[in-house]
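S.K.: Numbering-wise (the working numbering), the sequence shown opens with residue -15 and increments by one. All residues carry an ideal CB built from backbone N, CA and C; glycine is no exception. My questions all concern the structure below.
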Amino acid sequence: MTERPSRRPREAASGVTVPSGVTVPWVRTRLRTAPGAAVALALLVAVTAFLAAALPPAVDRYDDAGLRRALETAGPARTTVQFQTSDSDLYTSTGPWNERLNGDAVRGPFPKLLGLPGRSLPIDADQSSAGVRTTERMPAPDPFLSRPDRIDPQFHLFAATGLAEHSRIREGRLPKAPVDNGAATKMLEAAVSTETAAKLNIRVGSVIHLPRAESTLAVRVTGLVAPRDPGGAYWSAVPLLRTPSQPTVPGDPQRRVFWVGALLVSPDAGPSLLGTAGFPARYWILAPDLSALHGRDLERLTSTIASLESGPLSERASAAVSPYLIADTELDRVLGEYDGLQSVIGPLVAVAVFGTGTVAAVVLCMAGGLAAQRRRTEFVLLRARGVSLRGLAGRLLAETAVVAVPAAALGLLAARLAVGQGRLRYSVAAAGGVALLAALALPLRAVAAHRAVGVHTGRDDVAQARPTRKRLVAEVTLLALAAGAVLALRTRGTSDDGSASGDELVSLAPVLVAVIAALVLVRLYPLPLRGLARPARRMRGVVGPLSLARAGRASGSAVLPLLALLTALTTAAFGGSVLAGVSDARDRAAGLSVGADARVDGLGARPAGVAERVRRVSGVEDVTAVNVSYGARAANHQVPVALAGVEPGGYAALSRRMDLGPFDPDALRASGKEVVPALGSPGMAARFGTRPFQVRLEDGAAVTVRIMTVTEWTPAVAGDDFLVMDASVMSGGLTRPTGLLITGDRTDPAALREAAGGGARVVLRSEELASFVDSPLQSGAERVYAAAVAAGTGYAVLALLLTLLRAAPERAALLARLRTMGLTRAQGRRLLVLESLPQALLAALGGTLTAWAAIRLLSPGIDLTTVAVSTSSSLAVRAVLRTDPVSLLMPAVTVVALTVGIAAVQAWWTGRRGSVRELRAGDAR
């Protein structure tokens, strides 16, 4: 029996089989048919993959730089791990003590200690050191030594390895070990640093006598050495090696000081230190290799340090050296301080990253959705001719993957070249996620829309669309998530457990607010269109009713475009407001620190006329003289007061301009008043209230004052206890001011310092402003937010362009048909503009309101102080998130302007091309 062949075409793996039996390659045909769409998708994927792949190494870069900056700022004295034997190491020894302190006993265990931390804490062997040193200071009575307060200087003896490799001989030679190297040694050779020699009056050939049990030990200086790397750990782990210290005498009420220096003996002269009264001990200093440390390894570093101090590594070190080995370091505290900074900044960065990532994902999904909507007729025909859902999805996946994967690889390569090396797996994962989303967006959308085979479908107008129950459930779920995220962020901030990663749901709070706003606006948007539909029919003219009807007949699947616009606008406005809050806080802190645009202090007894010379400097607008005294006392000499004498009129104008405690100048004038009115700090007001009290000035004169105005800040002085009064009641008034407060945004610093004269301290507000960022973590967080603002704005524009380009062929055909009916070019332009305005205005107004609401809702839980000012700043300035009008309005205005501009350009271009091509039968629109 012969089987009758079926007339239904079969599906091929790489193409579509037509009834004639010819197999058409699907991917190649699609790329040749629509090269512009493929190039646009490739460009979108490449840019998005570049941003996604560049983020992990960028974060790693500023994280690593922040850790190294923290360690460099702390200095080797705090960041090195120092091992030292206790006194029991000698007292419990069964052999000769000399053997415990000779070179072999020091250098022998050193390689084991260097390799002890392993890769968990890389050690810089070149900057690490070992040796023998005295643990107690020894006074030297030699008369040629410097004595600031007639107190004998004191010295430590160091027999450090590597002295020749780490120093340059400036004069003389390096010391040698004595022949009788031991406790009976009476003469030692030593070198001193050039800085120690200069401050303690030591020369080559000087002999310094140190106490011993029965006599003195003579130490002859044979050479002066200069460090090859003064900032390196070899010289800075124990700063006394290169720089003498000047402590005060303990318990001395006069706080007299004396010098303490270091004498550098031969590395093999350790046994000779036994004869001194300095209690010698062996030591080993391990210097971390800062270039090999990474911020991502912070937890492992902390664990390793804890193990070195009191853990398994400490036991191994004791087994290699001595049971009486003591480990000491402040590296764990330095890392803890850095971890605290990172735990505050990390969640703030996560908010920007999650927002920008969501915007990018929504735009990729929107691009796939618009492509599926544009090719709807094609997919309907394929399904009607027998193509299965699996076959359709497979072909569309191959079509998009062949474009998305190479584009994502190109973006990954560009990111690695632009940002530099970092953790490759994170960049690959980010770029791979972008490629996967871009490849799946079109097939999944097509499968969801064409599950059932059908040729005719009902109208999908936005004015007629009715949300389904499934959509209602999804919207309620998102609303609950958004409410929970906002509540969590308001109550406990971006991170409540000190974790740098923060809470992902909290980080998504701004995005979730935008998502809810988009869903609400999509539900509300049809209401005015339905309400205006009937009245519009009675309008005169055709443009208004037709544009309103066209806006109402827009596709009902407008959730993704609107969501993309709202999320992008919210992200851009939120990031811009963060940057504005940081900038305002720094500007405020700089104003509090300086008190004006520039300040000159320390004028002292300089001749009169300095203020006039400063006033003539280019860029200076005004100069306010002040007479500041920190030696005044109130309440029977019990309360020290910072007192400023000013001219009330000029000082009040300065206070208003700087917004630092503005006041009425008449309330501060002292002419004809027995009790001098004063402006006081809250601390002084709480102590004295409004009753008169006496203030004793530095020159001994007494003034009775009454606090009339209370302010927390004032330009002239700062602190908890300060007073500002009319300078006319002070001796000399302002004839010889101690300082000048200068206003002017473009003051020449060099000319200002020259006019102030040598010895005067000149501080500019711009210079102070630059000093508030002391960690790459802060500057890195700012760059991430700046990138988030740029990316949010860019994706908003891209979402708008995709939406308008999707409808461009249909609008061109509409204009062509209407022109055949007598529509003028001007009317055509107005029609396209008015048709596009409702959704553009909805997105712009909705984005602005959403961003404003998100900022107002989330500002109580976001503290920008750590990003704004340095952690070492003592100014009580809190940076808060506030709405920035420019960040709110600029993206929205850009969206509306682009919409109008694109519609006008499209109408103009369609008019130039003519109507014949647009009216040809068979063209797909």
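Any contact of the region 615 to 632 with the region 695 to 709, i.e. 3+ C-beta pairs under 8 Å?
M.R.: Output reads yes: the region 695 to 709 touches the region 615 to 632.
S.K.: Note the first and the last residue of the continuous beta strand (DSSP E) segment covering Thr118.
M.R.: Taken as a continuous stretch (DSSP letters only), the beta strand (DSSP E) holding Thr118 covers 113 to 118.
S.K.: Drop a sphere of 10 angstroms on the beta-carbon of Pro125, count the other beta-carbons inside from all chains shown, and report buried for 16 or more, exposed for fewer.
M.R.: By the 10 Å Cβ count, Pro125 comes out exposed.
S.K.: Between the alpha carbons of Arg813 and Trp892, how many angstroms are there, rounded?
M.R.: The alpha-carbon atoms of Arg813 and Trp892 are separated by roughly 7 Å.
S.K.: Name the residue from Asp136, Thr260, Ile153, Ala161 whose alpha carbon lies nearest to the alpha carbon of Pro231.
M.R.: The candidate whose alpha carbon is nearest that of Pro231 is Asp136.
S.K.: Where does Met805 fall in DSSP's three states?
M.R.: If DSSP states are grouped into helix, strand and coil, Met805 belongs with coil.
S.K.: Is Thr722 buried or exposed, if buried means 16 or more other CB atoms sit within 10 Å of its CB?
M.R.: Thr722 comes out buried.
S.K.: By how many angstroms is the C-alpha of Ala54 removed from the C-alpha of Val346?
M.R.: Rounded to whole angstroms, Val346 to Ala54 spans 38 Å at the Cα level.
S.K.: Among Ser613, Pro733, Ala382, whose alpha-carbon lies nearest the alpha-carbon of Arg680?
M.R.: It is Ser613 whose Cα lies nearest to the Cα of Arg680.
S.K.: One question on the structure: do Gly245 and Phe139 come within less than 7 Å of each other, judged by their Cβ atoms?
M.R.: Yes. Within cutoff.
S.K.: Less than 6 Å between C-beta atoms, sequence neighbours within five positions excluded: which residues of the same chain meet that for Ala143?
M.R.: Excluding positions up to five away in sequence, the list reads Gly115, Val116, Val249, Pro251, Ala253, Gly254.
S.K.: Skipping 5 residues on each side, what residues in its chain have a beta carbon closer than 8 Å to that of Glu682?
M.R.: Around Glu682: Ser613, Gly615, Ala616.
S.K.: Using a Cβ-Cβ cutoff of less than 6 Å, which residues in the same chain neighbour Gly586 once the five nearest sequence positions on both sides are dropped?
M.R.: Correct list, in chain order: Ala744, Arg745.
S.K.: Under 7 Å between the Cβ atoms of Gly593 and Gly728?
M.R.: Contact: no.
S.K.: Helix, strand or coil for Leu55, going by three-state DSSP, please let me know.
M.R.: Helix.
S.K.: Give the C-beta separation of Ser177 and Leu141 to the nearest angstrom, bearing in mind that I take them to be a contact with Cβ-Cβ under 8 Å.
M.R.: Contact flag wrong, Cβ pair sits at about 14 Å.
S.K.: Check whether the Cβ atoms of Gly776 and Ala469 lie closer than 7 Å to each other.
M.R.: No, Cβ-Cβ distance for Gly776 and Ala469 is not below 7 Å.
S.K.: Just to confirm the assignment, what range does the beta strand (DSSP E) spanning Arg204 have?
M.R.: Run containing Arg204: 200 to 211, per the beta strand (DSSP E) assignment.
S.K.: To the nearest angstrom, how far is the alpha carbon of Asn611 from that of Leu761?
M.R.: In a straight line, the C-alpha of Asn611 is about 40 Å away from that of Leu761.
S.K.: Tell me whether Ala458, by its Cβ, gets closer than 6 Å to a heavy atom of the ligand GTP.
M.R.: Only the bare structure without any ligand can be found here, which leaves the ligand GTP out of the picture.
S.K.: Just reading off the alpha helix (DSSP H) that Ala345 is part of, what are its end residues?
M.R.: Run containing Ala345: 315 to 358, per the alpha helix (DSSP H) assignment.
S.K.: Looking at the structure shown, is Ile839 part of a helix, part of a strand, or coil, going by DSSP?
M.R.: Ile839 falls in the helix class under three-state DSSP.
S.K.: Leaving out the 5 sequence neighbours to the left and right, which residues in its chain are closer than 7 Å to Glu83 when beta-carbon positions are compared?
M.R.: The residues are Ala89.
S.K.: Within this structure, are the beta carbons of Ala863 and Val566 separated by less than 7 Å?
M.R.: Yes.
S.K.: With Ala42 and Val403 assumed to form a contact (beta carbons below 8 Å), what rounded beta-carbon distance in angstroms separates them?
M.R.: Ala42 to Val403, Cβ: 5 Å. Contact.
S.K.: Sorted by chain position, which residues of the same chain lie with C-beta nearer than 7 Å to Asp481's C-beta, five sequence neighbours on each side aside?
M.R.: Low local confidence applies: a pLDDT of 47 at Asp481 is under 50, so the model's placement there is unreliable, and no value is given.
S.K.: Can you look up Asp847 in the DSSP assignment and give me helix, strand or coil?
M.R.: Strand at Asp847.
S.K.: Could you say which of Arg358, Arg803, Val659, Leu97 lies nearest to Glu299 if we only look at CA atoms?
M.R.: Answer by Cα proximity: Leu97.
S.K.: When you compare only the Cα positions, how much space is there between Val499 and Thr555?
M.R.: Their backbone Cα atoms lie some 12 Å apart in a straight line.
S.K.: Just the C-alpha distance for Leu297 and Ser491, rounded to the nearest angstrom, thanks.
M.R.: One C-alpha to the other measures close to 39 Å.
S.K.: How far does the beta strand (DSSP E) with Ser177 in it extend, from its first residue to its last?
M.R.: Counting along the chain, the beta strand (DSSP E) containing Ser177 begins and ends at 171 to 177.
S.K.: For Ser910, write down the residues that DSSP places opposite it in a beta bridge.
M.R.: Residue 910 lies beyond the range of the chain shown here (-15 to 909); nothing can be said about it.
S.K.: DSSP three-state label for Glu459, please.
M.R.: It is helical.
S.K.: Tell me the rounded alpha-carbon separation between Asp273 and Ala217.
M.R.: The alpha-carbon atoms of Asp273 and Ala217 are separated by roughly 10 Å.
S.K.: Evaluate Pro80 with the Cβ neighbour count: other Cβ atoms within 10 Å of its Cβ, from every protein chain shown; 16 or more gives buried, anything less gives exposed.
M.R.: Label assigned to Pro80: exposed.
S.K.: Which residue comes first and which comes last in the alpha helix (DSSP H) that contains Trp219?
M.R.: That run of the alpha helix (DSSP H) goes 217 to 220.
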